[in-house]
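Count along the sequence shown from 1, then add 2; that gives the number in this note's numbering. Following: one structure in C-alpha cells, then a few remarks.
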Amino acid sequence: VSGRGELHLSVLIENMRREGYEFAVSKAINEVASYKLTDASNMSLLSSDGRVVMKLHKQNLAFLNGAWKVTAIEGKAITAKIKIVIDVEEKRVHGNAGCNLINGEIIVNLDKGNGIEFKNLATSRMICPDIATEQAFLLALENVDTAAEGETPNQAVLKDNDGKTILSLTRLSPDEIAD
C-alpha cells in the first residue's frame with residue numbers, strides 16, 4: 003500500500019469493497035499478529051503461526067527529487083549539458099535535453115520496487131548541433147522502468163526493464179543550476 007497514511011488506506015479499502023475485495027482485506031488484517039521487515043522498503047504482515055498474510059511495499063523515490071545532469075547514456079559518458087528537474091511529488095519532469103526544452107509526466111509504478119516511468123514527453127523543436135545525443139537521451143528516458151540511488155547521495159541511475167542502467171545522473175550544485 004502506498005500513500006500518505008490512513009486516509010489513503012481507507013480510500014483504497016473503499017474502492018476494493020466496491021469491487022468485492024473488502025472481506026479478503028478485512029480477513030487478512032484481522033489475522034495479523036506481528037510483522038517482519040524484510041528490507042528497508044518491504045514489510046510482511048504475519049499471522050500468529052508465522053504465515054505471511056500480506057506484504058507491504060514502501061516506494062522510496064524521494065532521492066530523485068531535485069535538479070540533475072545526465073553524465074552517461076547506456077554507459078557512455080556524454081559531454082552534452084543535459085539537465086533535468088525531477089519532482090516525484092508533483093509527478094513532473096522538466097529541463098533541457100541538451101538544446102531543446104523538455105517537459106513531461108512521471109508515473110510511479112507501485113507494483114515494482116522504485117518503479118518509475120517518464121511519459122507524455124514534449125520538447126521544443128530547435129535544430130541542434132548534437133541532436134544525436136539529445137535523441138539518445140529522450141529515447142532512454144522513455145525506456146526508464148526503475149530508479150536506484152547511486153554510489154553517493156548525489157548520484158542516481160535510471161534502469162530499463164531488464165535492470166540495465168540506461169541513464170546515469172549527478173545532482174546539480176546550486177552554481178550549476180544557475181548556469
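Positions of the beta carbon are idealized from the N, C-alpha and C atoms, including for glycine. This structure is a prediction, so every number in the text was calculated from the model and none was measured.
Query, Result
"Given that a residue counts as buried once 16 or more other Cβ atoms are within 10 Å of its Cβ, and exposed if not, what is Leu112?", "exposed"
"Near Thr40, what residues of its chain come up, given a Cβ to Cβ distance below 7 Å and the 5 sequence neighbours on each side ignored?", "Ser46"
"Please classify Glu178: does DSSP put it in a helix, a strand, or coil?", "helix"
"Look at Gly97 and Ile108 and say whether their C-beta atoms are less than 8 Å apart.", "no"
"For Leu66 and Ala149, which I take to be in contact (beta-carbon distance under 8 Å), what is that distance rounded to the nearest angstrom?", "6 Å"
"Enumerate in chain order the residues of its own chain whose CB-to-CB distance from Ala35 is below 8 Å, with the five nearest sequence positions on each side excluded.", "Leu48, Ser49 and Ser50"
"Do Leu160 and Leu174 have their C-beta atoms closer together than 8 Å?", "no"
"Excluding sequence positions up to five away, which residues of its chain have a Cβ less than 8 Å from the Cβ of Ala64?", "Val90"
"To the nearest angstrom, how far is it from the Cα of Asp147 to the Cα of Lys114?", "9 Å"
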